[in-house]
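Chains L and Z are the protein sequences, given in the same order.
Under the working numbering, the first sequence has 339 at position 295, and the numbering climbs by one with no breaks.
Under the working numbering, the second sequence has 920 at position 576, and the numbering climbs by one with no breaks.
From the three backbone atoms N, C-alpha and C, an ideal C-beta is built for every residue, glycine too.
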Amino acid sequence: MKIFLRIISPGLLLMLASCTKNLNQTPNNATTAAQAYSTPLGYKQGLAKMYAAFALTGNTGGTGSPDIPTQIIADEGNSDFLRLYFNLQELTTDEAAWTWQNDAGIQGLHEMSWSSINPIVDGLYYRSFFQITLCNEFIRQSSDANLSARGITGASADSIRNYRAEARFLRAYQYWVLMDLFGNPPFATENDPVGGFIPKQISRSDLFAYVESELKAIDGDLVQARKNQYGRADQAAAWALLARMYLNAEVYTGTAHYTDAITYCNKIIQAGYTLHGDYRELMLADNNLNTDEFILTINYDALYTQNYGGTTYLLHGPANVPAYVSNSSGSWSGLRCTQNFIALFPDHSGNTDQRAQFWDSTQTLAMKDLYTASNGLSTFKFRNWTRDSLAPAHQDSKKDFSDIDFPLFRLGEIYLIYAESVLRGGTGGDAGTALQYINKLRERAYGGTSGDITSGQLTTDYILDERGRELYYECCRRTDLVRYKKFTTSTYLWAWKGGVEGGTAVADKYNLFPIPSTDLSSNPNLQQNNGY
Amino acid sequence: MGSPAWAQKRTVTGTVTDAKDGAPLPGVSILPKGGKTGVTTGSDGSFHIAVDPSTRTLIFSSVGYGTREISIGDAPLRITLTSNNASLNEIVVIGYGYTRKKDITGSVAVVTEKDFQKGSFTTPEQLIAGKVAGVSVISNSGQPGAGSTIRIRGGSSLNASNDPLIVIDGVPIDNDIAPGQKSVIAGAGNPLSFVNPDDIESFTVLKDASSAAIYGTRAANGVILITTKKGKSGAPRVNLNTVNSLADITKKVSVLNAAQFRSAVNANGSATQKAMMGAANTDWQNEVFQDALGTNNNLSISGGIKKLPYRLSVGYQDQNGILRTDNLKRLSLGLTVNAMTLDNHLKVDLSVKGSKENARFANQAAIGGAVSFDPTQPVYVKSPRFGGYYEWLDASSPTGLTNLAGRNPLGLLEEHYDKSHPERSIGNIQVDYKFHFLPDLHANVNAGYDVSRGQGSTFITDSAAEAYVAGGTGGSNNPYKTNKTNTLFEFYLNYTKDIKSIKSHLEFTPGYSYYDYQTTVYNYPTFNAQGVKFPGSDPATPTTEFRHVLISYFGRLEYRYNDKYVLRASLRRDGSSRFAPSNRWGLFPSVAFTWKVKDESFLQSSNVISSLNLRAGYGVTGQQDGIGDYDYLSYYYLSNAGASYQFDTSFYQGYRPAGFYANRKWEQTATYNIGADYGFLDGKITGSIDFYQKKTTNLLNQVAQPAGSNFSAYIVANVGSMENKGVEFDLNLHPIHRQDLTWDLGFNFTYNQNKITNLTVVPDDPNYPGFASGSIAGGIGGQFALINAVGYSKNVFNLYKQVYNSAGAPIEGVFVDKNHDGIINQNDLFKSKPADPKVFLGFSTGVTYNKWNAGFVLRSSIGNYVYNNIYSQTGVQNQILGNSVLYNGSTNYLVTKFKGSNAQQLLSDYYLENGSFLRMDNCYIGYDLGKIAHTRARLRLNATVQNVFVITKYSGLDPEIGAGTGNNPGIDNNIYPRPRTYSLGASLDF
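See below:
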């Protein structure tokens, strides 16, 4: 008993007291927001994640720690922004179909019969919101109050103010994506809490007004056009998004904004961008050199920005393009074009219009079967060679990953927006300049003036076709067809539209994607889009 | 004519001992046959009885030992009695202490060595499969060392753990899989596989909350206490036993043979596809499966050095898997020492167990590969490339291999070396001190550890097709390593007081415990087969550490009145580091009552009823397993180098905030239990019956977060409630208990009904359909066959209702339009059968006749349904012809002729089948040769067959599907088949 009283019991009491402290545990490989953002480098790493969220699927190169939970997309390689966005913007149109119908969410996309349960539709929705939530957090953490509390001042603080404006740009971009594809998404900003908060739904027109006001508000805080680091958004990126949004404003709000579109096209053009000389150099491994034309890119690197979506998908995806053409480990035999799209070109050889970069030796022109790899031409627009036909310096040994950057905005599109806005009655531009811009694109494509058109030939329908030729596989097609009221209607049919070989019209509801049923179940404030 | 009253009596003497271990039996009643008065044996088992000269026979009886009649001779009698299953004086381990079986207040089952399943086992939990009502033990696969899905009373959780807490000799075992890891201990299929089944003496299962609540924190799914064998004082006793086994596959997946495959391709394939076919006839399943040998050898020495009983054991097991290249070797050591000193006031129990495994894990992708690889292709080709295995080739691909095609199943096995050498040690020292000045008071300290090092590497040769790189710089050589260090400290006082004046007995046990669980996962870059690092594969941090701590204060109060009424109450307060400080502490009370009806005057004289205890209890238990260690706060994680982002020429790793949920708290399960333990006809019939109701609230659930409100779209939150109701019935019969012949039968029955009562923050939200689970392979992918919905049991199949033609054949893509809206969509899915059984049964019997013994165990499950994912995924034409190369399909294709282009067909209830079954787990026969040739050595031989047969209507391999990694309840897709095992064993004691 003496032993117990003298030694054991005080020991026990001491132990009880010290052990209770052990209920506070922290991870060894993570930090709190306050620690992460205690230095300017931390802010840069936060900025890097916001951009990386466009390019990557998660926090581990290749696969390993996905941003989007497996409950939404089982296969992490499908969960990056660009692959999901491409699938919804291109596979639903005349430009692309995917061979492997058993892949999650594929069936029903090209046939235009998707429902509110589709891993690709859900995937893009949750990917956009992941990026918005990241941006909201960054905007909160980079407030002036937080910067001064963390002792960050001077040039470092000025840089972080630029980052903050970029975060608002990236958020505006994602809200624009949601507005374009889903219409009326839920809405959360940096002023809402994280966790346990139920966002309200925002109408498409209110969201339009919000994105517009954000893009205008950050103009002074963004780095000047063409002055930022490569890969980061500057003023021109915000102008380009405004121009694109104004072009489609009638779809979003019922009110046209063509004059505004022209205004912002002019600002970009006046900033000094020029068309890159060779169209076929646009989507190569060293296309980071194309700063003459590119306004904002998603950057990929085969060693340090690895994932199975992005341009890796656009490199391997096209069906049966040989490995020596793409400089990859080989084709995934997936992406092919309908014959209706190929027909936009005078011929598909590329000898006339160099933008035609189609693989035909193993392919049939007609897409007799939607799910056969050899049906329909495929494109080698994306190739992992440098301009000098060399392998890129950072190529991985298995040749799995791509080094090709993806332009979210480039001058070619701005010329097309300008011309279409002029034709649709916008002011601040003129038809002569419009024709001149279109012919600049055509002269690059034809390697001379042989493809030039006259003002009589320049119609809105001509511009839709020219957009197809110029911007195919750059994720514009669905938005364009919706704007031209050709997406669901019978005015333009392509192979397997509506699930029949010759194509057929589908219900108007397919102009928007449904809000995922998962979110309808977890957010009582949401109402489903009409028809779903 | 009776004996004259004045006749002189004579005295008979002798001793009574336990037939099993020779221990003296006190309290055995001895009655002359025909007489009315008798005596009982003393503490040393001896007796004196004066009997009439005419008395020729004495009747020996003892509760729990049955009755024997012995003829009186001249010599002192040496009587042995054999214990029944329900030995009521047996001491039963409960949480933080012991109790007599007859004083048990909760639902507690004990299975001792003699009732274990017989045969060759790599993992101990299989020993009690089918043995206890309310406890289901399903092996997850046929792989050596594979774990089991253990469910006590159906499981109380949806997304948190449904595994019971397992405590080995006082050390609770870590059953948590660290995030991103495949198993609890890296390189080991199952953490329990480190415990040598041969060292186990008994399992005690605490099923209801009143018995388990003392383990508050993790007891919601019941507790299994494993007690290992201890030494007994006396001369050293040596046991050497060996079991040698041969395992074979019982059934293969039914796929097209080469001829059927050829005709299918010729009938429907394109010219290119027809040209792809080869000339061989290969049964790929024959190629990947093998007959597997195993040997299991154990040596134990036990005895006492002076007052120091000890037991030392060594085990060595070497078991091949029926999937080629699968092998598990285990060396295990165990030592227990139980010292008593200071005039029996200080008791010290030391227990150390250690084992080391050497395993090679077969690449299980070969199982699905063997089902679907083209049977017209040969196994080998005369080519040095790809290890000489036939592969699908494409000249235009840089590797020469067709991209995304299936690889040769045998090549997947033989070019793939996943080798591990994990080790684990569990040990504790328990000191019990009985105070000299107050012997009614004990202090007990238990300090223990559970340390493991899981390590190994996956090596794939650079010629292997699965990881081939042009130029031969591929393959892989990737190490992995995870260390776990878990420590525990427990302290309790135990005060016992008999207050004779008021016929009362009082016991009070207050205590404290501290558990610390630490895991270090080592992160490595990836390497090719030559050891060259892949650029960009460097991890963000060299290690990832996980730690959580549990602190508990507990107390138990027991009050017995007149040894007839027992009241037991406990209270536990638990704190877990996994919750935010404001939600950290949970309170878990219990109360239970037992009435020993047999001891009442109105039953005391009953010859029919030999024992009867009525029990009632209530308790609350908690759950915090299966959730993150830290994510009540938001943490920032830096990406690895391969997930950097480039600005200009610099690469930046990115900071990602992780999803979090600050309001997370304990999941709680409240259990009501009423039951009875009964014995009839002097213990010839014993058993128990229990009725229970479990209500789980604040379910820890993976819940989709409203988009825009959290960093992760899904997070574990407390949403919903669920209940389990059930009946358990145990019946043990001992119809014959003679010296030369005994016959025992055991039967148990379990009925469990599970119902989800809420799943939403706002209860009864009619718009919430429930959440899907049970992902199925094939079709458009990402589809789920099961749903968890309010008003139904968990894991209910949610499928389209198939429409059949007049001939009874299913029509592809045609389903019942349940809501009559003219279209078939997700609104037409209907909730039908459950994946979990409602009823399961166990039946064991054993006979001993002189030196022979024999028996068998049957197990049955009724009302469980199985979705045949092999049929639905591979039994379609698109499986065979819809890809860049040819794949084999299920013979179900010959029945349905489905094309496979209808996306909804995969969700047809055509593929749902009744999975009820009756399985003979084992049958055995043994022979006791007795002492060999004048030595002290005693030799016993036995032969056992395990997994003897399964009777079921289910068309697939096996209707019993565990919930192991990659498995979903009720979904049959390329599961590692359970083998049939034949074994011969010998056991030598001296």
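- Message: Shorter than 7 Å, the distance from the beta carbon of Y660/Z to the closest heavy atom of the ligand ATP, or not?
- Response: For the ligand ATP, the structure offers nothing, since it holds no ligand at all.
- Answer yes or no: do I1029/Z and L1077/Z have a C-beta to C-beta separation smaller than 8 Å? As a position in the second sequence, residue 1029/Z is number 685, starting the count at 1. As a position in the second sequence, residue 1077/Z is number 733, starting the count at 1. Closer than 8 Å, so yes.
- Per DSSP, what kind of secondary structure is T626/Z in: helix, strand or coil? Translated into positions along the second sequence, residue 626/Z becomes position 282. When DSSP states are grouped into helix, strand and coil, T626/Z belongs to the coil group.
- Query: Any idea what DSSP makes of H360/L, helix, strand or coil?
  - Reply: Numbered from its first residue, the first sequence carries residue 360/L at position 316. Reduced to three states, the DSSP call for H360/L is helix.
- At what residues does the alpha helix (DSSP H) containing I1214/Z begin and finish? On the second sequence, residue 1214/Z is found 870 positions in, with the first residue counted as 1. Following the DSSP letters along the chain, one finds I1214/Z inside the alpha helix (DSSP H) bounded by residues N1213 to T1218.
- Would you tell me roughly how many angstroms separate the C-alpha atoms of N540/Z and L672/Z, rounded to the nearest one? Counted from its first residue, the second sequence places residue 540/Z at position 196. Counted from its first residue, the second sequence places residue 672/Z at position 328. Approximately 13 Å, taken between the alpha carbons.
- Query: Looking only at its own chain, which residues have a Cβ that is under 8 Å from the Cβ of F1293/Z, when we skip the five neighbours before and after it?
  - Reply: Along the second sequence, read from residue 1 onward, the residue named residue 1293/Z stands at position 949. Non-local beta-carbon contacts of F1293/Z in its own chain, meaning distances under 8 Å to residues more than five positions away in sequence, involve R1263 and M1264 in chain order.
- When you compare only the Cα positions, how much space is there between S431/Z and K445/Z? As a first step, residue 431/Z is located in the second sequence; it is residue number 87 there, counting from the start. As a first step, residue 445/Z is located in the second sequence; it is residue number 101 there, counting from the start. Its pLDDT being 47, under 50, S431/Z is placed unreliably in this model, and the value from its coordinates should be taken loosely. In this structure, the CA atom of S431/Z is about 8 Å from the CA atom of K445/Z.
- Query: Hey, does N641/Z have any beta-carbon neighbour from chain L nearer than 8 Å?
  - Reply: On the second sequence, position 297 is the one that residue 641/Z refers to. At a cut-off of 8 Å between beta-carbon atoms, N641/Z makes no contact with chain L.
- Item | Close-in-space but distant-in-sequence residues of the same chain around G750/Z (CB under 8 Å, 5 per side omitted) | One-based indexing of the second sequence puts residue 750/Z at position 406. Closer than 8 Å at the Cβ level, and outside the excluded window around G750/Z, lie G713, S716, F717, W736, V1229 and Y1231.
- Check A430/Z in the structure and name its three-state DSSP category. Residue mapping note: residue 430/Z aligns to position 86 of the second sequence, counting from 1. Residue placement at A430/Z is poorly supported in this model, since its pLDDT is 42, which falls under 50; the coordinates are not used for a value here.
- Message: I'd like to know whether the C-beta of L432/Z is nearer than 8 Å to at least one C-beta of chain L.
- Response: For this step, residue 432/Z is matched to residue 88 along the second sequence. Residue placement at L432/Z cannot be trusted, given a pLDDT of 49 that sits under 50; what the coordinates show is reported in the next sentence. Nearest CB-CB separation between L432/Z and chain L: not below the 8 Å threshold.
- Query: So, does the CB of Y348/L fall closer than 8 Å to a CB anywhere in chain Z?
  - Reply: Here residue 348/L corresponds to residue number 304 of the first sequence, with the count starting at 1. In terms of beta-carbon proximity, Y348/L lines the interface with chain Z, with at least one pair separated by less than 8 Å.
- When the Cα atoms are used, what is the spatial distance from L153/L to Y290/L? Stepping through the first sequence from its first residue, residue 153/L is reached at position 109. Stepping through the first sequence from its first residue, residue 290/L is reached at position 246. Cα atoms of L153/L and Y290/L: separation of roughly 27 Å, rounded to the nearest angstrom.
- Cβ-based contacts, 8 Å cut-off: residues of the stretch 60–92 of chain L near chain Z: Contacts with chain Z (Cβ-Cβ distance below 8 Å) from the stretch 60–92 of chain L involve L60, C63, T64, N66, L67, N68, Q69, T70, P71, N72, N73, A74, T75, T76, A77, Q79, A80, G86, K88, Q89, G90, L91 and A92, listed in chain order.
- What is the DSSP secondary structure of F130/L, counted as helix, strand or coil? To locate residue 130/L, count along the first sequence from 1; it is residue 86. Helix.
- Under 8 Å between C-beta atoms, does Q617/Z make it to chain L? Against the second sequence, residue 617/Z aligns to sequence position 273. Judged by the 8 Å Cβ criterion, Q617/Z is not in contact with chain L.
- Which runs of the beta strand (DSSP E) fall wholly inside the stretch 476–531 of chain Z and span at least 3 residues, in chain order? For the stretch 476–531 of chain Z, whole beta strand (DSSP E) runs of length 3 or above, ordered along the chain, are 479–483, 492–496 and 509–512.
- Item | Residues near G1118/Z in its chain [Cβ-Cβ closer than 6 Å; skip 5 each side] | Mapped onto the second sequence, residue 1118/Z falls at position 774. In chain order, F1128, A1129, L1130, N1312 and I1315 place their CB closer than 6 Å to the CB of G1118/Z, counting only its own chain and leaving out the 5 sequence neighbours on each side.
- Message: I'd like to check one pair, N1142/Z with L1173/Z: are the Cβ atoms closer than 8 Å?
- Response: In the second sequence, residue 1173/Z corresponds to position 829, counting from 1. In the second sequence, residue 1142/Z corresponds to position 798, counting from 1. It is a contact, given that the beta carbons lie within the stated cut-off.
- Query: Counting only beta-carbon atoms, is I183/L nearer than 8 Å to chain Z?
  - Reply: Here residue 183/L is taken as the residue at index 139 of the first sequence, counted from 1. It does not; no Cβ of chain Z falls within 8 Å.
- Item | Euclidean distance between Cα positions of S920/Z and N1062/Z | Here residue 920/Z is taken as the residue at index 576 of the second sequence, counted from 1. Here residue 1062/Z is taken as the residue at index 718 of the second sequence, counted from 1. C-alpha separation (whole angstroms): 16 Å.
- Identify the residues that DSSP records as bridge partners of D693/Z: which are they? The count along the second sequence starts at 1 and reaches residue 693/Z at position 349. Partner(s): N682/Z and Q774/Z.
- Message: Using beta carbons (cut-off 8 Å, strictly below), is W376/L in contact with chain Z?
- Response: For this step, residue 376/L is matched to residue 332 along the first sequence. It does; some Cβ of chain Z falls within 8 Å.
- Do you know how far the Cα of T1040/Z is from the Cα of E895/Z? Your numbering for residue 895/Z matches position 551 in the second sequence. Your numbering for residue 1040/Z matches position 696 in the second sequence. Here residue 895/Z turns out to be Ile, not Glu, going by the sequence shown. The straight-line gap from Cα to Cα measures roughly 22 Å.
- Report yes if the CB atom of G986/Z is closer than 8 Å to the CB atom of G880/Z, and no otherwise. On the second sequence, residue 986/Z is found 642 positions in, with the first residue counted as 1. On the second sequence, residue 880/Z is found 536 positions in, with the first residue counted as 1. Yes, they are a contact pair.
- Out of N73/L, R205/L and L388/L, state which residue places its alpha-carbon closest to the alpha-carbon of W538/L. As a first step, residue 538/L is located in the first sequence; it is residue number 494 there, counting from the start. Checked all of N73/L, R205/L and L388/L; the closest Cα to W538/L is L388/L.
- Message: To the nearest angstrom, how far is the alpha carbon of N1236/Z from that of V1220/Z?
- Response: Walking along the second sequence from the start, residue 1236/Z turns up at place 892. Walking along the second sequence from the start, residue 1220/Z turns up at place 876. For the pair N1236/Z and V1220/Z, the Cα-to-Cα distance works out to about 8 Å.
- At least three beta-carbon pairs within less than 8 Å, the stretch 767–786 of chain Z to the stretch 825–843 of chain Z: At 8 Å Cβ cutoff, the stretches touch.
- Message: I'd like to know whether the C-beta of E759/Z is nearer than 8 Å to at least one C-beta of chain L.
- Response: Start at 1 with the first residue of the second sequence, and residue 759/Z comes out as number 415. Not an interface residue.
- Query: Who are the Cβ neighbours of I886/Z in its own chain at under 8 Å, not counting the five residues just before and after it?
  - Reply: To locate residue 886/Z, count along the second sequence from 1; it is residue 542. Checking the displayed sequence, the identity of residue 886/Z turns out to be Pro instead of Ile. Counting only Cβ-Cβ distances below 8 Å, and skipping sequence neighbours, we find Y866 and N867.
- Leaving aside the five residues before and after R522/L along the sequence, list all residues of the same chain whose C-beta is less than 6 Å from its C-beta, in chain order. Taking the first residue of the first sequence as position 1, residue 522/L is located at position 478. Excluding residues within five positions, the ones whose Cβ falls inside 6 Å are Q133, T136 and T137.
- Check whether the Cβ atoms of K311/L and W283/L sit closer than 8 Å, and answer yes or no. As a first step, residue 311/L is located in the first sequence; it is residue number 267 there, counting from the start. As a first step, residue 283/L is located in the first sequence; it is residue number 239 there, counting from the start. W283/L is positioned such that its CB atom lies closer than 8 Å to that of K311/L.
- Nearest-angstrom Cβ-Cβ length linking P719/Z and I529/Z, presumed shorter than 8 Å: Here residue 719/Z corresponds to residue number 375 of the second sequence, with the count starting at 1. Here residue 529/Z corresponds to residue number 185 of the second sequence, with the count starting at 1. About 38 Å separates the beta carbon of P719/Z from that of I529/Z, a gap too long to meet the 8 Å contact definition.
- Message: Does R205/L come out as helix, strand or coil in the three-state DSSP assignment?
- Response: Locating residue 205/L in the first sequence gives position 161, where the first residue counts as 1. The answer is helix: DSSP assigns R205/L an H, G or I state.
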